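Engineer: What follows is a single structure, and I will ask about it in a moment.
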Amino acid sequence: MSAADPARAVGPVGTSTERIWRRFSSAQRLARFTVYLVIVAAIVVSIQTVEVIPEFLADAPEQVADLLARMWPIDFAHYPGTVHAALTETIHIATLGTLLSLMLAVPVGILAAHNLVPVTPLNLAAKLILVSSRSVNSLVWALLFVGIFGPGALAGTLAIAFRSIGFVGKLLGEALEEAQAGPIEALTAAGAPWASRMTFGYWPQVKPAFWSIALFRWDINVRESAVLGLVGAGGIGMALDSALNLFQWPRVAVILLAIFAVVILAEVAVTQVRRRVI
Amino acid sequence: MTDPTATVAALPADPFRRSLWPRLAAVALAVYVVYACAQLEVSWERVQTGLDNAAKFFSRLFPPNFHRRDLLVKGLSESLEIAVLASTLGILLALPIGLCAARNLMPLWVTWPARLVIVLSRSFHPVIVAILFVKAVGFGALAGALALTVASIGFIGKLFTEAIEEISLKQVEAIRATGAPFASVLAFGVLPQVFSRFIGFATYQLDSNLRNSTMVGIVGAGGIGGTLFAAFQRFDYDFVCAILISIITLIMIGEVLATAVRAIFIENATLPDLLRPGAAMRRVRHAEDD
Numbered sequence: 001m002s003a004a005d006p007a008r009a010v011g012p013v014g015t016s017t018e019r020i021w022r023r024f025s026s027a028q029r030l031a032r033f034t035v036y037l038v039i040v041a042a043i044v045v046s047i048q049t050v051e052v053i054p055e056f057l058a059d060a061p062e063q064v065a066d067l068l069a070r071m072w073p074i075d076f077a078h079y080p081g082t083v084h085a086a087l088t089e090t091i092h093i094a095t096l097g098t099l100l101s102l103m104l105a106v107p108v109g110i111l112a113a114h115n116l117v118p119v120t121p122l123n124l125a126a127k128l129i130l131v132s133s134r135s136v137n138s139l140v141w142a143l144l145f146v147g148i149f150g151p152g153a154l155a156g157t158l159a160i161a162f163r164s165i166g167f168v169g170k171l172l173g174e175a176l177e178e179a180q181a182g183p184i185e186a187l188t189a190a191g192a193p194w195a196s197r198m199t200f201g202y203w204p205q206v207k208p209a210f211w212s213i214a215l216f217r218w219d220i221n222v223r224e225s226a227v228l229g230l231v232g233a234g235g236i237g238m239a240l241d242s243a244l245n246l247f248q249w250p251r252v253a254v255i256l257l258a259i260f261a262v263v264i265l266a267e268v269a270v271t272q273v274r275r276r277v278i
Numbered sequence: 279m280t281d282p283t284a285t286v287a288a289l290p291a292d293p294f295r296r297s298l299w300p301r302l303a304a305v306a307l308a309v310y311v312v313y314a315c316a317q318l319e320v321s322w323e324r325v326q327t328g329l330d331n332a333a334k335f336f337s338r339l340f341p342p343n344f345h346r347r348d349l350l351v352k353g354l355s356e357s358l359e360i361a362v363l364a365s366t367l368g369i370l371l372a373l374p375i376g377l378c379a380a381r382n383l384m385p386l387w388v389t390w391p392a393r394l395v396i397v398l399s400r401s402f403h404p405v406i407v408a409i410l411f412v413k414a415v416g417f418g419a420l421a422g423a424l425a426l427t428v429a430s431i432g433f434i435g436k437l438f439t440e441a442i443e444e445i446s447l448k449q450v451e452a453i454r455a456t457g458a459p460f461a462s463v464l465a466f467g468v469l470p471q472v473f474s475r476f477i478g479f480a481t482y483q484l485d486s487n488l489r490n491s492t493m494v495g496i497v498g499a500g501g502i503g504g505t506l507f508a509a510f511q512r513f514d515y516d517f518v519c520a521i522l523i524s525i526i527t528l529i530m531i532g533e534v535l536a537t538a539v540r541a542i543f544i545e546n547a548t549l550p551d552l553l554r555p556g557a558a559m560r561r562v563r564h565a566e567d568d
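Protein chains in written order, with this note's numbering: chain A, 1 to 278; chain B, 279 to 568.
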């Protein structure tokens with residue numbers, strides 16, 4: 001919270017004995033007020049226009065009770081067969097997708113770093129790739145790849161990879177731009193070629209950032225790959241989708257529990273690896 | 279260390295010599311990739327037939343078909359409504375929960391349940407939560423809004439807790455020393471310290487809710503996602519393309535607005551400042567991550 005510029009504080013200066021101190025200038029207050037106004041207007045309009053069916057809402061407690069009653073004795077007999085296979089497939093999708101995205105994101109991240117590639121059009125092109133990868137949801141990427149490669153884990157892996165390029169590339173590009181110039185200048189002065197400058201100048205500096213970005217993204221991807229199956233892109237989402245369509249609620253419960261366990265384990269694993277290695 | 283040659287001799291011959299572990303890890307990784315590809319039945323032929331399909335697929339995506347504008351506008355506005363409602367409700371609920379979870383202000387028996395709520399809301403993808411809410415409150419925007427509310431509680435709650443745990447306790451102590459009640463300690467000692475970070479993640483959450491509100495429709499929870507998925511299943515690829523273009527435009531507009539809000543509240547920008555290229559806008563952009 002930066003304090004307001006005192007020079008901008010509004011108040012009668014000089015003549016009057018009383019001086020009114022204000023934290024923000026009237027233009028700043030106008031800007032803030034506009035934001036508040038827009039927020040309130042958006043909320044009011046949304047509440048008025050959103051379609052809520054009162055019968056469904058009145059029905060909700062009953063439906064929740066029904067849901068829990070159908071799910072409750074969780075039947076782990078469903079796990080060994082299809083659920084386990086689908087769960088391992090999900091983890092494979094997340095891991096392979098992350099690896100592929102690392103391979104694809106490194107060149108784009110390098111192109112986006114202005115100190116490495118001092119060509120502004122190339123930087124902008126790389127940033128465009130990163131932004132478009134990030135602004136398309138992984139489910140949309142999955143839809144596109146299901147359209148191209150047909151349903152299955154391949155589409156899921158590619159969806160995870162393409163969604164992750166933007167994230168990994170952006171953070172990697174920023175890490176590269178923050179690298180200290182000293183070692184690189186020393187290498188350049190010694191006549192080191194580009195490859196040596198990369199491996200001995202930049203890589204040691206961005207290595208911790210790179211591995212922590214990779215781990216962080218893997219953690220996110222484990223969560224995301226669990227839903228890709230809803231659009232046919234493989235993994236546990238497909239098992240979830242078929243169980244839902246057949247109203248097999250006990251099986252849904254087992255699947256949700258499996259997803260929960262994997263997500264928690266992935267988070268614990270990432271925290272442990274980060275603490276020990278990085 | 280008086281003799282300079284002694285230090286030189288003590289250095290290893292190759293300062294960049296690699297240890298054995300990274301190599302072993304690389305080999306293990308390569309073995310894993312081969313194994314996982316075999317498990318997933320990913321093969322080069324599949325990729326190649328896919329690439330042949332891709333040309334066909336993209337030729338059907340273009341040109342985008344904007345004829346069914348009503349459907350498009352209805353879906354998009356419903357997504358917007360879901361995002362606004364979910365962010366409002368989520369932020370309102372997340373603030374007390376996040377406060378309760380802060381270890382430096384609250385006793386252990388309060389932080390534990392609050393942390394549990396946050397972990398539970400974070401562990402499932404919003405689309406999965408949406409499935410459960412569709413069952414509970416029926417198809418439609420309400421289910422989507424509630425699902426994204428849960429997601430917002432998880433995200434904002436976690437970050438708000440972390441922000442509060444990082445504050446300087448000197449100011450809190452100073453206000454306590456005046457005999458102020460707990461509410462005043464919060465209002466004058468805690469909230470001013472976390473306000474700018476709060477603006478940062480509130481705008482980020484609105485952005486993220488907007489992205490997800492275009493997706494929850496896939497499981498019937500309202501918004502443009504349902505239209506998108508239906509068009510996809512009917513092979514109306516040109517309409518799919520139109521929907522995707524609209525979604526991306528909406529998200530980009532949302533991002534620009536979020537940046538403007540951050541500039542106003544964090545950088546104290548005025549409305550004319552926002553229109554000036556450069557300065558405030560660019561400085562805040564660094565604050566966002568994925």
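A virtual CB, placed ideally from N, CA and C, is assigned to each residue, including glycine. As the structure is a prediction and not an experimental result, all values here were calculated from the model.
1) Return no unless some Cβ of chain A is closer than 7 Å to the Cβ of Arg489(B).
2) Tell me the DSSP secondary structure of Leu154(A) in three-state form.
3) Do three or more CB pairs link the segment 433–441 of chain B to the segment 513–521 of chain B at distances below 8 Å?
4) Report yes or no: do three or more beta-carbon pairs, one from the segment 322–341 of chain B and one from the segment 92–105 of chain A, lie closer than 8 Å?
5) Would Ile453(B) pass as a contact of Gly467(B) if the rule is Cβ separation under 7 Å?
6) With a cut-off of 8 Å, do at least 3 Cβ pairs link the segment 395–405 of chain B to the segment 259–267 of chain A?
7) Between Asn115(A) and chain B, is any beta-carbon pair separated by less than 7 Å?
8) On a Cα-Cα basis, can you pick out the residue from Ala253(A), Val222(A), Leu130(A) and Gly150(A) that is closest to Leu329(B)?
9) Sort Ile255(A), Gln63(A) and Lys170(A) by Cα distance to His84(A) and report the nearest one.
10) Between which two residues does the alpha helix (DSSP H) holding Arg22(A) run?
11) Mind listing, in chain order, the continuous alpha helix (DSSP H) runs of no fewer than 4 residues lying wholly within the segment 191–261 of chain A?
12) Quick check: is the beta carbon of Ala465(B) nearer than 7 Å to any beta carbon in chain A?
13) Would Ile110(A) count as contacting chain B if we go by Cβ distances under 7 Å?
14) Taking the alpha carbon of Arg540(B) as the reference point, which residue from Gly353(B), Thr481(B) and Gln471(B) has its own alpha carbon closest?
15) With a threshold of 7 Å on Cβ separation, who are the neighbours of Arg223(A) within its own chain once the five nearest residues in sequence on each side are excluded?
16) What are the start and end residues of the alpha helix (DSSP H) that includes His84(A)?
17) For Gln382(B), which residues of its own chain have a beta-carbon under 8 Å away from its beta-carbon, when the five flanking residues on both sides are left out?
18) Hey, does Ile160(A) have any beta-carbon neighbour from chain B nearer than 7 Å?
19) Does the separation of the CB atoms of Ser365(B) and Asn487(B) fall below 7 Å?
20) Flag Lys352(B) as yes if its beta-carbon sits less than 7 Å from any beta-carbon of chain A, otherwise no.
21) Which two residues bound the contiguous alpha helix (DSSP H) that contains Ile53(A)?
22) Quick check on Ala316(B): buried or exposed, where buried means 16 or more other Cβ atoms within 10 Å of its Cβ?
23) Starting from Leu464(B), follow the alpha helix (DSSP H) in both directions and report where the run begins and ends.
24) Please tell me whether Ala419(B) and Ala408(B) are closer than 7 Å, where the distance is taken between their beta carbons.
25) Would you list, in chain order, the members of the segment 468–487 of chain B that have their beta-carbon closer than 8 Å to a beta-carbon of chain A?
26) With Ala429(B) and Asn490(B) assumed to form a contact (beta carbons below 8 Å), what rounded beta-carbon distance in angstroms separates them?
27) Rounded to a whole number of angstroms, what is the C-alpha to C-alpha distance between Tyr202(A) and Ala181(A)?
28) Taking Cβ to Cβ, would you say Gly232(A) is nearer than 7 Å to Glu89(A)?
29) Can you tell me whether Pro322(A) is helix, strand or coil according to DSSP?
30) I need the boundaries of the alpha helix (DSSP H) containing Thr456(B), first residue and last residue.
31) According to a CB-to-CB cut-off of less than 7 Å, which residues of the segment 325–350 of chain B neighbour chain A?
32) Could you tell me which chain B residues have their CB closer than 8 Å to the CB of Ile47(A), listed as they occur along the chain?
33) What in chain B is Cβ-close to Thr188(A), meaning under 7 Å?
34) Across the segment 215–230 of chain A and the segment 177–197 of chain A, are there enough close Cβ pairs to call them in contact, namely three or more that are closer than 8 Å?
35) What would DSSP say about Thr492(B), mapped onto helix, strand or coil?
36) Using 7 Å as the limit for Cβ to Cβ distance, is Gln449(B) near chain A?
Structural biologist: Answer, in terms of the structure:
1) Taking the second sequence and counting its residues from 1, one reaches residue 489(B) at position 211. So yes, Arg489(B) belongs to the interface.
2) To locate residue 154(A), count along the first sequence from 1; it is residue 154. Here Leu154(A) sits in helix by DSSP.
3) No, they do not touch.
4) The way I'd put it, the segment 322–341 of chain B doesn't touch the segment 92–105 of chain A; fewer than three beta-carbon pairs between them come closer than 8 Å.
5) Here residue 453(B) refers to the residue found at position 175 of the second sequence. Here residue 467(B) refers to the residue found at position 189 of the second sequence. Yes; because the gap between Cβ atoms is below 7 Å, this pair is in contact.
6) Short answer: they touch.
7) As a working mapping, residue 115(A) is identified with position 115 in the first sequence. Taking Cβ atoms only, chain B never reaches closer than 7 Å to Asn115(A), which makes this a no.
8) Counting from 1 along the second sequence, the entry for residue 329(B) is found at position 51. Taking the Cα of Leu329(B) as reference, the smallest distance to any Cα among Ala253(A), Val222(A), Leu130(A) and Gly150(A) is reached at Gly150(A).
9) Start at 1 with the first residue of the first sequence, and residue 84(A) comes out as number 84. With respect to the C-alpha of His84(A), the residue from Ile255(A), Gln63(A) and Lys170(A) having the closest C-alpha is Ile255(A).
10) For the purposes of this step, residue 22(A) is taken as residue 22 along the first sequence, with counting starting at 1. Element bounds for Arg22(A): n/a, residue is neither H nor E.
11) Along the segment 191–261 of chain A, the alpha helix (DSSP H) occurs as fully enclosed runs of 4 or more residues at 203–228 and 236–245, listed in sequence order.
12) As a working note, residue 465(B) is residue 187 in the second sequence. Chain A contact via Cβ: absent.
13) Against the first sequence, residue 110(A) aligns to sequence position 110. False, the Cβ-Cβ gap to chain B never drops below 7 Å.
14) In the second sequence, residue 540(B) corresponds to position 262, counting from 1. Closest option to Arg540(B), Cα to Cα, is Thr481(B).
15) Numbered from 1 along the first sequence, position 223 holds the residue referred to as residue 223(A). Excluding the 5 residues flanking it on each side, Arg223(A) has same chain C-beta neighbours closer than 7 Å at Val263, in chain order.
16) Locating residue 84(A) in the first sequence gives position 84, counting from the first residue. Taken as a continuous stretch (DSSP letters only), the alpha helix (DSSP H) holding His84(A) covers His84 to Ala112.
17) Position 104 of the second sequence, counted from the first residue, corresponds to residue 382(B). Correcting the residue identity first, residue 382(B) is Asn in this sequence and not Gln. Correct list, in chain order: Ile442, Glu443, Ile445 and Leu447.
18) Along the first sequence, read from residue 1 onward, the residue named residue 160(A) stands at position 160. Proximity of Ile160(A) to chain B, defined by a Cβ-Cβ separation below 7 Å, is not satisfied.
19) As a first step, residue 365(B) is located in the second sequence; it is residue number 87 there, counting from the start. As a first step, residue 487(B) is located in the second sequence; it is residue number 209 there, counting from the start. Yes; because the gap between Cβ atoms is below 7 Å, this pair is in contact.
20) For the purposes of this step, residue 352(B) is identified with residue 74 of the second sequence, where counting begins at 1. Among the CB atoms of chain A, none fall inside 7 Å of the CB of Lys352(B).
21) Residue 53(A) sits at position 53 when you count from the first residue of the first sequence. Segment: none, Ile53(A) is in no alpha helix (DSSP H) and carries neither H nor E.
22) If you number the second sequence from 1, residue 316(B) lands on position 38. Here Ala316(B) is exposed, its C-beta having fewer than 16 other C-beta atoms within 10 Å.
23) Here residue 464(B) refers to the residue found at position 186 of the second sequence. Unbroken run through Leu464(B): none, as it is neither H nor E.
24) Counted from its first residue, the second sequence places residue 419(B) at position 141. Counted from its first residue, the second sequence places residue 408(B) at position 130. Taking 7 Å as the Cβ cut-off, Ala419(B) and Ala408(B) do not qualify as a contacting pair.
25) The segment 468–487 of chain B vs chain A, Cβ under 8 Å: Pro470, Gln471, Phe473 and Ser474.
26) Along the second sequence, read from residue 1 onward, the residue named residue 429(B) stands at position 151. Along the second sequence, read from residue 1 onward, the residue named residue 490(B) stands at position 212. Yes, Ala429(B) and Asn490(B) are in contact; Cβ-Cβ is about 7 Å, under 8 Å.
27) As a position in the first sequence, residue 202(A) is number 202, starting the count at 1. As a position in the first sequence, residue 181(A) is number 181, starting the count at 1. Distance between the alpha carbons of Tyr202(A) and Ala181(A): 9 Å.
28) Walking along the first sequence from the start, residue 232(A) turns up at place 232. Walking along the first sequence from the start, residue 89(A) turns up at place 89. Contact: no.
29) Residue 322(A) cannot be examined here, being either before or after the span of chain A that is shown, 1 to 278.
30) Here residue 456(B) refers to the residue found at position 178 when the second sequence is read from its first residue. Thr456(B) -> no alpha helix (DSSP H), and no H or E assigned at all.
31) Those would be Gly328, Asn331, Ala332 and Phe335, in chain order.
32) Taking the first residue of the first sequence as 1, we reach residue 47(A) at position 47. Chain B residues near Ile47(A): Leu363.
33) Locating residue 188(A) in the first sequence gives position 188, counting from the first residue. In chain order: nothing, as chain B lies at least about 17 Å away.
34) With fewer than three CB-CB distances shorter than 8 Å, the segment 215–230 of chain A does not count as touching the segment 177–197 of chain A.
35) Numbered from 1 along the second sequence, position 214 holds the residue referred to as residue 492(B). In the three-state scheme derived from DSSP, where H, G and I count as helix and E and B as strand, Thr492(B) is classed as coil.
36) As a working note, residue 449(B) is residue 171 in the second sequence. By this cut-off, Gln449(B) is not an interface position.
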